[in-house]
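Please read the structure below before turning to the comments.
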Amino acid sequence: MNTPDHLPRMDRRLAIQWMLSAAATLRVSNLGLPAADGDTAIKGKGYGPDPSMVKFYQPGDVWPLTLTEPQRHTARALCDVIMPADETSPSASMVGVPDFIDEWISAPYPAQAGDRRIVLEGLKWMDDEARRRFRAGFADLTHEQQTAICDDISNPVKAKPEHKKAAPFFKRYRDLTAGGYYTTPEGMKAIGYVGNMPAGTFEGPPMEALRHVGLV
Amino acid sequence: MPVITAAKLQESYDVIIVGSGAGGGQTAYTLTMEGVKVLVLEAGRSFDPASEVAMFQLPSQAPLRGVGTPDKQYGFHDCSINSGWDIPGEPYTNASPEPENQFRWWRQRMMGGRTNHWGRISLRNGPYDFKPRTRLGAGFDWPIGYEDVAPYYDKVEMLIGVFGANEGLENSPDSSPGVLLPAPKLRVGELYAQKHGRKVGAHIVSTHRAVLTRPLDAETLPAKLHPNNGKAQRILADNMRMRAQCFWATDCHRGCSIGANYDSQTVHLRPALATGNLDILPNTMAREVTMDQQGKATGITFMDKTTGREGHASGRVVVLAASSQESVRLLLNSKSGAFPNGLANSSGKVGKYITDSVSSSLGAHIPAFEGMPIHNEDGAGGPHAYVPWTMHDQNRKGELGFPGGYHLEFTSGRQMPSLTTLNGIDGFAGSNGVVFGKQLKENAQRFYGCNLGFGAQGTMLPNDGSFCELDPMLKDQWGIPVLRFHWKWTDFEFNQVRHHQQRIRELLEAMGGKVSRKADADVLKSMRPGGSVIHEVGGAIMGDDPGKSVTNQWSQAWDVKNLFLADGAPFASTADKNPTLTIMALAWRMADHLMDELKKGNL
Chain A
5 MNTPDHLPRM
15 DRRLAIQWML
25 SAAATLRVSN
35 LGLPAADGDT
45 AIKGKGYGPD
55 PSMVKFYQPG
65 DVWPLTLTEP
75 QRHTARALCD
85 VIMPADETSP
95 SASMVGVPDF
105 IDEWISAPYP
115 AQAGDRRIVL
125 EGLKWMDDEA
135 RRRFRAGFAD
145 LTHEQQTAIC
155 DDISNPVKAK
165 PEHKKAAPFF
175 KRYRDLTAGG
185 YYTTPEGMKA
195 IGYVGNMPAG
205 TFEGPPMEAL
215 RHVGLV
Chain B
16 MPVITAAKLQ
26 ESYDVIIVGS
36 GAGGGQTAYT
46 LTMEGVKVLV
56 LEAGRSFDPA
66 SEVAMFQLPS
76 QAPLRGVGTP
86 DKQYGFHDCS
96 INSGWDIPGE
106 PYTNASPEPE
116 NQFRWWRQRM
126 MGGRTNHWGR
136 ISLRNGPYDF
146 KPRTRLGAGF
156 DWPIGYEDVA
166 PYYDKVEMLI
176 GVFGANEGLE
186 NSPDSSPGVL
196 LPAPKLRVGE
206 LYAQKHGRKV
216 GAHIVSTHRA
226 VLTRPLDAET
236 LPAKLHPNNG
246 KAQRILADNM
256 RMRAQCFWAT
266 DCHRGCSIGA
276 NYDSQTVHLR
286 PALATGNLDI
296 LPNTMAREVT
306 MDQQGKATGI
316 TFMDKTTGRE
326 GHASGRVVVL
336 AASSQESVRL
346 LLNSKSGAFP
356 NGLANSSGKV
366 GKYITDSVSS
376 SLGAHIPAFE
386 GMPIHNEDGA
396 GGPHAYVPWT
406 MHDQNRKGEL
416 GFPGGYHLEF
426 TSGRQMPSLT
436 TLNGIDGFAG
446 SNGVVFGKQL
456 KENAQRFYGC
466 NLGFGAQGTM
476 LPNDGSFCEL
486 DPMLKDQWGI
496 PVLRFHWKWT
506 DFEFNQVRHH
516 QQRIRELLEA
526 MGGKVSRKAD
536 ADVLKSMRPG
546 GSVIHEVGGA
556 IMGDDPGKSV
566 TNQWSQAWDV
576 KNLFLADGAP
586 FASTADKNPT
596 LTIMALAWRM
606 ADHLMDELKK
616 GNL
């Protein structure tokens, strides 16, 4: 155990760093999942090996969702910092990405189980960090304040010690948000996918595409 | 005669076929068109491609954006149901715990089998592929040559519809004139690779796939395929007219409700049912081939999965087409006084010499594709081009350290976005952080469609260490003993995979590609495990010597003259080509022989 007795022998700067990172570690590992009251258990079952493939599914159709309203509030806000609306395309929350993330972390499959903990702890971290720095929940911050927090945790290499633990969460949440977004009709339009349309003929690439890569 | 339940089984059939996929479907088609009364047993349920496949559904309309789960292992919209590497209640085992000795076994438990979920790549084996022992001093020569199978390749291609071009390549044969459907135009990435691949000697050509790029010629093809058989011609013409040409959208792995690509039900079983000569009994797990005192097969004992009751179907001839290893399992489980080690196994070779395609892959980011003008390149729902194996001189000189070769398959283009479409995007932009916000949207547009990769699939010759046997302890949920696999790679495969990796890297770099992965010093990290290409064949190989093979050149068991195999089990090796087209060609050839022998009273 480190005791205060050790501190005088440490370089002062090092000691402060140690205290900060220890505090950060404590904070992250203590937060997170609601207490062990059963809330964290996955309740639903999977869709089984023979689901209807043609049906249109909504999050919550197959297994129950997890997020509370305050958690959803934060989840929506973070989705929209990652994928904001612009002149030509909507934001992530406008096309149901927070619902998808809720579905994902609520899934009764092993590959999603790890993300459940990461996302639930991460959303709490975002709110705690927002309150610590700006005295309001993440969703109630200004865009600049939200971006400032995201900037701090968006680089796993350069992140300060107190931000390092939230960086993997941000990477994962960004990937889920972006993937969830670009798999919607609006997202496909935004990225420039114009297929999935039946046609009478296939004419190959247009001239401007061939020109773009120097083939004509 | 229709799709039936066990209660409706007829007293006896001419031929019982176990399995409804490429081999079983082709066999049923060939026999019923000529008036043979056939029963097909299928372990899975009936499945309607016209109404059950999800062609246009988006990932956002599926749970979890359609990613693979233990329930749907190739993704939610993939046309596989009740199928997978791991199926509850239907285990298999591996004898060794070592990762490099693992065999993975995909089972497709549905009507039409694996033909529902298939890339439709339909390459012919070439002359060299049948004679590896003579040419390369390794493996076994098949008892047949390309010239024996060529007429059947033509017939299968005319029946199922295969697009492609005759390129005049060494050991990647052309089809007869008029057989292939027109090859679709190549996509921009395929053309770009074709141009720049020349710098490193890669010869990129149109691939061959079982997709209709125009309607089948219902006026002339039926007479070519069924001369002097008016009924068969009418039925086939009707079936051809029910198939639409490709509408240039949707991934073929999802299945095809318009019948533009091949699956066994649409192309084989539907006309076979129309003859009135076919019963299909689904939900039926075959347990054992039954025998009489004279050493002839009498039928199949099965488990009716709908009732849990055992049943029996009787026939004059039995054809196993359950997938190579499932057919092997049936043989090994059919023990009797005459065959204490499993049926047709006097040679001890049942289960031996399993091979799979040798495979590895590599991808790159191609900067030249950044900011590509938006356009639709869905095309024929899969690749239009491939890189055939052309290094035959090096083979002849023995310079490569492995026999045979491999072809390369493309993954490229502006495909429908998936959950992982943006993987690697931060690196492309030179950022070591996690990009978000407006910048992420801009980067997504710029980098979408810039990934291009190649997957190699190559020759594997049989070795003594790759085989299966019955697990001494474990049984499945119906009490049927399961298979235990042994898998061994040899230096041939390791050397080939090193060659893949180097060759693909050269090709990608010739395109200016930035290859994301460093070369693995450990070749095992690059190569896909045994079985995982789902090209596993062998286990009941054909040969000239009854002491060293399980079947003769007609896929007819040496030991039991009225027992045949129609899946990949009789393959004496895996070529650098995908096996499905060859399975169908050999099944048609086998069925012709079977009918000759029936007529002669030899069975």
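Heads up: the protein sequence lines correspond to chains A and B, in order.
Count along the first sequence from 1, then add 4; that gives the number in the working numbering.
Count along the second sequence from 1, then add 15; that gives the number in the working numbering.
Note that beta-carbon positions come from the ideal geometry of N, C-alpha and C, so glycine has one too.
Between the alpha carbons of phenylalanine 462 of chain B and leucine 214 of chain A lies a gap of roughly 17 angstroms. For chain A, the residues of the region 431–448 of chain B that bring a beta carbon within less than 7 angstroms of one of its beta carbons are Met431, Pro432, Ser433, Leu434, Thr435, Thr436, Leu437, Asn447 and Gly448, in chain order.
Excluding the 5 residues flanking it on each side, cysteine 154 of chain A has same chain C-beta neighbours closer than 7 angstroms at Val85 and Phe174, in chain order.
In the assembly as shown, proline 355 of chain B is an exposed residue. Its beta-carbon has fewer than 16 other beta-carbons within 10 Å. Taking a C-beta distance under 8 angstroms as the contact criterion, glycine 218 of chain A and aspartate 393 of chain B do not qualify as a contact pair. With a 10 Å radius around the Cβ and a threshold of 16 neighbouring Cβ atoms, aspartate 278 of chain B comes out buried. DSSP, read as helix, strand or coil, puts proline 210 of chain A in coil.
In this structure, B:Leu609 is the residue among B:Pro594, B:Leu609 and B:Ala600 with its C-alpha nearest to the C-alpha of asparagine 577 of chain B. With a threshold of 8 angstroms between beta carbons, glycine 291 of chain B makes no contact with chain A.
Contact between threonine 47 of chain B and alanine 287 of chain B holds, since their C-beta atoms are separated by about 4 angstroms, short of 8 angstroms. Of the candidates B:Ser75, B:Leu196, B:Glu303 and B:Pro237, the residue whose Cα lies closest to the Cα of glycine 183 of chain A is B:Ser75. The three-state reading of DSSP puts proline 496 of chain B in strand, counting E and B together. The alpha helix (DSSP H) runs lying completely inside the region 25–88 of chain B and spanning 4 residues or more are 37–48 and 64–67, given in chain order.
Contact note: tyrosine 207 of chain B reaches chain A through Val217 and Leu219, using a C-beta cutoff of 7 angstroms and chain order. In this structure, alanine 584 of chain B sits away from serine 372 of chain B, with a CB-CB distance that is not shorter than 8 angstroms.
DSSP places cysteine 154 of chain A within a helical segment (H, G or I) once states are collapsed to three. Residue environment: leucine 539 of chain B is assigned as exposed (fewer than 16 neighbouring CB atoms within 10 Å of its CB, all protein chains considered). For the region 197–213 of chain A, the set of residues with a beta-carbon nearer than 8 angstroms to any beta-carbon of chain B comprises Tyr197, Val198, Gly199, Asn200, Met201, Pro202, Ala203, Gly204, Thr205, Phe206, Glu207, Gly208, Pro209, Pro210, Glu212 and Ala213, in chain order.
Its chain contains Ser93, Pro94 and Val99 as the residues whose beta carbon lies nearer than 7 angstroms to that of glutamate 190 of chain A, once the 5 sequence neighbours on both sides are disregarded; these appear in chain order.
Listed along chain B are Arg60, Ile96 and Asn97, each with a C-beta nearer than 8 angstroms to that of aspartate 54 of chain A. In this structure, the straight-line span from the alpha carbon of aspartate 307 of chain B to that of glycine 141 of chain B is close to 40 angstroms. The C-alpha of arginine 150 of chain B lies about 45 angstroms from the C-alpha of methionine 318 of chain B. Under the criterion of beta carbons closer than 8 angstroms, isoleucine 219 of chain B and alanine 400 of chain B qualify as touching, at roughly 5 angstroms. The alpha-carbon of glycine 553 of chain B is positioned some 7 angstroms away from that of lysine 367 of chain B.
Positions of the alpha helix (DSSP H) runs, each at least 4 residues long and wholly inside the region 122–158 of chain B, are given as 147–151 in order along the chain. Listed in chain order, the positions of the region 504–533 of chain B with a beta carbon within less than 8 angstroms of a beta carbon of chain A would be empty, since no residue qualifies.
Ranked by Cα distance from threonine 290 of chain B, the options B:His422, B:Lys246 and B:Asn276 are led by B:Lys246. The residues Ala163, His167, Ala170, Ala171 and Phe174, in chain order, have a CB closer than 7 angstroms to that of isoleucine 157 of chain A in the same chain once the five nearest residues on each side in sequence are set aside. Two segments are said to touch when three or more pairs of C-beta atoms, one from each, lie closer than 8 angstroms; by this definition the region 188–199 of chain B touches the region 162–175 of chain B. The Cβ atoms of arginine 80 of chain A and proline 55 of chain A lie no closer than 8 angstroms to each other. Only Phe384, Gly386, Met387, Pro388, Ile389, His390, Asn391, Glu392, Asp393, Gly394 and Ala395 from the region 384–404 of chain B bring a Cβ to less than 8 angstroms from some Cβ of chain A. For leucine 56 of chain B, the closest of B:Leu24, B:Gly81 and B:Gly50 by C-alpha to C-alpha distance is B:Leu24.
Taking all protein chains in view, the Cβ of glutamine 62 of chain A is surrounded by fewer than 16 other Cβ atoms within 10 Å, so the residue is classified as exposed.
A Cβ-Cβ separation of about 28 angstroms leaves leucine 498 of chain B out of contact with arginine 604 of chain B under the 8 angstroms criterion. Here serine 187 of chain B is buried. Its C-beta has 16 or more other C-beta atoms within 10 Å.
Taking each of B:Val548, B:Arg429 and B:Gly326 in turn and checking the Cα distance to threonine 305 of chain B, the smallest one comes out for B:Gly326.
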